[in-house]
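>
Given below as structure tokens:
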């Protein structure tokens, strides 16, 4: 049997550890020189690949340089937001597989979220339909933690650590003056509130700030919110509130749309921004209290300064395991995490695969039982779930310029 | 001679290292048990002290706990924004000094920026006028780096490191798609552009992003800005622009006021926000290009994750040196930094004192010769000035909850 080659791509929004999974795929691919010839990378995902853009990892990141991926946020290979047509008879499919054939590809890995798993699913179905034995594997990543069939997703732990640590720092910052103040923190999450829920990890004791946490899983009532904020002042003069960007009222209208217009991205998702600013203005005008809002923005997904060591390790394992499974012949699947409890009661995690068709285009919300009945907090079960995922500080080498020494494609 | 006591307060906005200077004052105070009895802390600055709030550090942070201040952002003692009356005949002055006398205070230290140095100046003048031999010393802190008579201020180095590192990460994040995009980063700085200038430290090579850097020291022209953004696309499809919150046009109108109304804080400063959002909308509507903006917000001044080891060390030294000077009898001064060049050409720093009346209520802007003639960048002289200040990563101990183990007053 002549040796075949591996190709890997990245797709969707970057995370702090999407390059860790890339490192996992590439390093494990290079570990099997008996079976695998080259390990190629698609530049800018399937869209860039269609335009002929790819690289050979042994040339791009030779030797020890490859390790730089484990602490470099963003997407080393570049990304795309490109939805393949629903109709498998579309000429783009044979075009992609012709390119696979030209590069003698035997295994294809795609690192991404649920939109990217849609690409994995379609390519796997096309391969099956045409009798092509190329192995097609999805490696999960998303800070949103909203993929089904997996306990959690690589990228969430580091984003959750960023949120928890930054919320803890801002609580400190908010507490310096003895004057009533409300600080609204707007955290990423369109439909799933996992990341906003992680703000509860910032608390040092029960009843600590953030006093109110609002997820998109429950309807938001501005009048009830104002009453609760006022009640919080009995506990502390500095009130910190965490909200998902995607909070909405009982009619489904996004709070950020109360005073602004929202666009849509190329997948048709509503682009949200501004519920924090809206609530800041609401508190100031209705309660007459000093208010400010902070939008956490892209640092949630691209900061290496608060990389979770657990997340980093698991993201690498997901990539490695993907290659091991593909070499066994597994295809049409996504790598999944199964939570186990070690003998000493501590957290442990095992890897498995699920058919990608069960996963793509689905979203996993925070379970209702992990949200308090009044919809303003998460339960201790959520804390127990999320805490292990933010443990450990990953080391990031710094250069002579005093800044992280990331690796770059160009 | 009977032993007298030290009291120290913090004032103005918090920084990542204002507690390092507090550590310097307290630890050095406790180092002189022959001369100093107790080391007290004013809770919520001079305003809280007037209300009777203070603590004894040997009780509040005994033994090794004191060291926790060196990596805890915010203001451990709490802060205030309280301007003492201009008229030294005002009854508040004898009221303060009566409280000093009750606590047998011999030395008073106030850690803050130029508004706080105004407090130091007035109290020092009142002491002089009334023949009170209490020593009154200001210890500088401000992320804005705008105090005169000192090479730089504690707090700037860590904020500059936060800006440089976060800009570097966002450049990575912005570079993943091969589609034209403009990312506007809004950085703190009302009148002085030091912190925005620090974004230039993020560049890995000459001509790297951020392509445009706008400080409040030069007038901003929106039309010229749009022309320059368009020209940047010849270099790269992802353009990152850094702007100070306080940029204004040639008539002095703040850009953020172009489409919003601005309030004023208790010192009469205009409260600015939103020039980034304004420019984002301008780029999108006028150039039809995908644009986003990120307001760096309070994490610039309260993040411990990117603490500069140089800044941390110097902030501690400033507090220690203040006590040493006060014990020698120095008064009415602020601790200043003088830059020296070591024999091997490397950066070194010496401490000195300047009369606080030369410093309070003044602002040091970025020198015109460190800004390029077209007003869209800083020169290599600025880089050489700022680079040493962001060097080194301070260690922050983490607790069993996976988050920084800060110390708290309550």
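Residue numbers (this note's numbering), protein chains in the order written: chain E, 8 to 417; chain Y, 8 to 417. Glycine is no exception: its CB is placed at the ideal position from the N, C-alpha and C atoms.
Which residues in chain E sit within 8 Å of residue 177 of chain Y, going by Cβ to Cβ distance?
Within the second chain, numbered from 1, the residue matching residue 177 of chain Y stands at position 170. In chain order: 305, 306, 309.
> Which term fits residue 212 of chain E, buried or exposed, when burial requires 16 or more other beta carbons within 10 angstroms of its beta carbon?
For the purposes of this step, residue 212 of chain E is taken as residue 205 along the first chain, with counting starting at 1. That one is exposed.
> Can you check the segment 117–178 of chain E for any alpha helix (DSSP H) of at least 4 residues that lies completely inside it and give the ranges in chain order?
Complete alpha helix (DSSP H) runs here, min 4: 121–136.
> What span of residues does the beta strand (DSSP E) with residue 16 of chain Y cover, start to end?
Position 9 of the second chain, counted from the first residue, corresponds to residue 16 of chain Y. That run of the beta strand (DSSP E) goes 11–17.
> Quick check on residue 244 of chain E: does DSSP put it in helix, strand or coil?
Reading the first chain from its first residue, position 237 is the one you call residue 244 of chain E. Three-state result, residue 244 of chain E: coil.
> So residue 426 of chain Y contacts chain E; which residues on that side make the cut at Cβ distance below 8 Å?
Residue 426 of chain Y cannot be examined here, being either before or after the span of chain Y that is shown, 8 to 417.
> Give the DSSP-derived three-state secondary structure of residue 269 of chain E in the structure shown.
Counted from its first residue, the first chain places residue 269 of chain E at position 262. Residue placement at residue 269 of chain E cannot be trusted, given a pLDDT of 45 that sits under 50; what the coordinates show is reported in the next sentence. If DSSP states are grouped into helix, strand and coil, residue 269 of chain E belongs with coil.
> With respect to the beta strand (DSSP E) encompassing residue 360 of chain E, which residues constitute its N-terminal and C-terminal limits?
On the first chain, residue 360 of chain E is found 353 positions in, with the first residue counted as 1. From DSSP, the beta strand (DSSP E) with residue 360 of chain E extends over 354–362.
> Count the C-beta pairs between the segment 88–104 of chain E and the segment 315–332 of chain E that are closer than 8 Å, then say yes if the count reaches three, no if not.
Touching, no, given that fewer than three Cβ pairs across the two stretches are closer than 8 Å.
> I need the DSSP call for residue 25 of chain E, collapsed to helix, strand or coil.
For the purposes of this step, residue 25 of chain E is taken as the residue at position 18 of the first chain. Residue 25 of chain E: helix per DSSP, three-state reduction.
> Could you spell out where the alpha helix (DSSP H) holding residue 326 of chain Y opens and where it closes?
Here residue 326 of chain Y corresponds to residue number 319 of the second chain, with the count starting at 1. Taken as a continuous stretch (DSSP letters only), the alpha helix (DSSP H) holding residue 326 of chain Y covers 316–335.
> Kindly indicate if chain Y contains any beta-carbon less than 8 Å away from that of residue 271 of chain E.
Position 264 of the first chain holds residue 271 of chain E. With a pLDDT of only 48 at residue 271 of chain E, under 50, the local geometry of the prediction cannot be trusted, and the value read off the model is given with reservation. Chain Y contact via Cβ: absent.
> Closer than 8 Å, Cβ to Cβ, to anything on chain Y: give me those residues from the segment 114–136 of chain E, in chain order.
Going along the segment 114–136 of chain E in chain order, one finds no residue with a Cβ nearer than 8 Å to chain Y.
> So for residue 282 of chain Y, helix, strand or coil by DSSP?
For this step, residue 282 of chain Y is matched to residue 275 along the second chain. Residue 282 of chain Y falls in the helix class under three-state DSSP.
> Is there a Cβ from chain Y that is less than 8 Å from the Cβ of residue 298 of chain E?
As a working note, residue 298 of chain E is residue 291 in the first chain. Cβ-Cβ to chain Y under 8 Å: no for residue 298 of chain E.
> Can you tell me the Cα-Cα spacing of residue 57 of chain Y and residue 102 of chain Y, whole angstroms?
Looking up residue 57 of chain Y in the second chain gives position 50. Looking up residue 102 of chain Y in the second chain gives position 95. About 8 Å.
> Can you find the residues in the same chain that come closer than 8 Å, C-beta to C-beta, to residue 188 of chain E, ignoring five residues on each side of it along the sequence?
Here residue 188 of chain E is taken as the residue at index 181 of the first chain, counted from 1. Same-chain partners within the cutoff: 181, 244, 245, 246, 296, 297, 298, 299.
> Determine whether the Cβ of residue 51 of chain E lies closer than 8 Å to any Cβ atom of chain Y.
On the first chain, position 44 is the one that residue 51 of chain E refers to. Taking Cβ atoms only, chain Y reaches closer than 8 Å to residue 51 of chain E, which makes this a yes.
> Using C-beta distances below 7 Å, list every residue in its chain close to residue 253 of chain E, excluding the 5 sequence neighbours before and after it, in chain order.
The residue given as residue 253 of chain E occupies position 246 in the first chain. So the list reads 196, 197, 198, 223, 261, 279, once near-sequence residues are dropped.
> Once DSSP output is grouped into helix, strand and coil, what is the label at residue 87 of chain Y?
On the second chain, residue 87 of chain Y is found 80 positions in, with the first residue counted as 1. Residue 87 of chain Y: coil per DSSP, three-state reduction.
> Tell me, which residues are paired with residue 198 of chain E by DSSP?
Numbered from 1 along the first chain, position 191 holds the residue referred to as residue 198 of chain E. DSSP, once it has assigned bridges, lists no residue as partnering residue 198 of chain E.
> Using only the alpha-carbon positions, how far apart do residue 380 of chain E and residue 303 of chain E sit?
Residue 380 of chain E sits at position 373 when you count from the first residue of the first chain. Residue 303 of chain E sits at position 296 when you count from the first residue of the first chain. Distance between the alpha carbons of residue 380 of chain E and residue 303 of chain E is about 27 Å.
> Please list the residues of the segment 71–97 of chain E that have a C-beta atom closer than 8 Å to any C-beta atom in chain Y, keeping them in chain order.
Those residues of the segment 71–97 of chain E that come within reach of chain Y (Cβ to Cβ, closer than 8 Å) are 79, 80, 81, 82, 85, 86, 87, 88.
> With residue 298 of chain Y as the anchor, note down where its beta strand (DSSP E) starts and where it stops.
In the second chain, residue 298 of chain Y corresponds to position 291, counting from 1. Segment 297–302, the beta strand (DSSP E) holding residue 298 of chain Y.
> Compare the C-beta of residue 465 of chain E with all C-beta atoms of chain Y and state if any pair is closer than 8 Å.
Residue 465 of chain E lies beyond the stretch modelled for chain E, which goes from 8 to 417, so this question has no answer here.
> With a threshold of 7 Å on Cβ separation, who are the neighbours of residue 134 of chain E within its own chain once the five nearest residues in sequence on each side are excluded?
By 1-based counting over the first chain, the position of residue 134 of chain E is 127. Closer than 7 Å at Cβ, skipping near neighbours: 141, 143.
> Give the C-beta separation of residue 367 of chain Y and residue 153 of chain Y to the nearest angstrom, bearing in mind that I take them to be a contact with Cβ-Cβ under 8 Å.
Within the second chain, the letter at position 360 stands for residue 367 of chain Y. Within the second chain, the letter at position 146 stands for residue 153 of chain Y. No, residue 367 of chain Y and residue 153 of chain Y are not in contact; Cβ-Cβ is about 12 Å, not under 8 Å.
> Using a Cβ cut-off of 8 Å (strictly closer), state whether residue 346 of chain Y contacts chain E.
Counting from 1 along the second chain, the entry for residue 346 of chain Y is found at position 339. Not closer than 8 Å to any Cβ of chain E, the Cβ of residue 346 of chain Y fails to qualify, so no.
> Roughly how many angstroms lie between the CA atoms of residue 238 of chain Y and residue 147 of chain E, to the nearest whole one?
Counting from 1 along the second chain, the entry for residue 238 of chain Y is found at position 231. Counting from 1 along the first chain, the entry for residue 147 of chain E is found at position 140. Between residue 238 of chain Y and residue 147 of chain E, the C-alpha separation is close to 38 Å.
> Whose C-alpha, out of Y:53, Y:257, Y:22, is nearest the C-alpha of residue 160 of chain Y?
One-based indexing of the second chain puts residue 160 of chain Y at position 153. Nearest C-alpha to residue 160 of chain Y: Y:22.
> Which residues of chain Y have a Cβ atom closer than 9 Å to the Cβ of residue 418 of chain E, listed in chain order?
Here chain E comprises residues numbered 8 to 417, so residue 418 of chain E is not present and cannot be evaluated.
> Is the beta carbon of residue 24 of chain Y closer than 8 Å to that of residue 145 of chain Y?
In the second chain, residue 145 of chain Y corresponds to position 138, counting from 1. In the second chain, residue 24 of chain Y corresponds to position 17, counting from 1. No, the pair does not count as a contact, with Cβ atoms beyond the cut-off.
> Taking 8 Å as the threshold (C-beta atoms), are residue 85 of chain E and residue 185 of chain Y in contact?
Position 178 of the second chain, counted from the start, is the residue given in the question as residue 185 of chain Y. Position 78 of the first chain, counted from the start, is the residue given in the question as residue 85 of chain E. Their beta carbons are under 8 Å apart, which means residue 185 of chain Y touches residue 85 of chain E by this criterion.
> Would you say residue 213 of chain E lies against chain Y (beta-carbon separation less than 8 Å)?
Reading the first chain from its first residue, position 206 is the one you call residue 213 of chain E. By this cut-off, residue 213 of chain E is not an interface position.
> Which residues in chain Y sit within 9 Å of residue 171 of chain E, going by Cβ to Cβ distance?
Counted from its first residue, the first chain places residue 171 of chain E at position 164. Within 9 Å Cβ-Cβ: 408, 409, 410.
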